[in-house]
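Heads up: take any position in the sequence shown, counting from 1, add 196, and you land on the working numbering. Heads up, the beta-carbon is just placed ideally off N, CA and C, and yes, glycines get one too. Below is one structure; the comments refer to it alone.
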Amino acid sequence: MARTHENAKIMNEEMRHILDHASALVDATSGELDERIQTARAALKERLESAMGDCGELGERLLDKAQVADEFVHVKPYYAIGGTFVAGLLMGWFMSKK
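In structure tokens:
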């Protein structure tokens, strides 16, 4: 579970970096007078604000789902092993067919 939490934190940080770079781009074009640039800048700024809110929410949902899966595997390990085995058999069968 610690590894999943660590991966989620890394993904969240990367998403924040991308959003920060896009924000810097919006700020860098603030002096442009061309109408197309202003329109694109306004649309990007709106999307960035939406994405920043969604990013935190998505990270929380991802961690919740990972915790539920982790609890399920600990409570019913044989179901998880059986499901993985069946999925592996099906994948092998589909991959062997040409």
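CB of residue i within 8 Å of CB of residue j, strictly
| i | j | result |
| --- | --- | --- |
| Ala218 | Leu244 | yes |
| Val222 | Lys241 | yes |
| Phe268 | Ala276 | yes |
| Leu215 | Ala247 | yes |
| Asn208 | Gly278 | no |
Of the residues the options, the one placed nearest residue i, counting alpha carbons only
| i | options | result |
| --- | --- | --- |
| Arg237 | Asp250, Ala220, Glu253, Met248 | Ala220 |
| Met211 | Pro273, Ala283, Phe290, Asp250 | Asp250 |
Residue range of the alpha helix (DSSP H) that includes residue i
| i | result |
| --- | --- |
| Gly279 | 273–292 |
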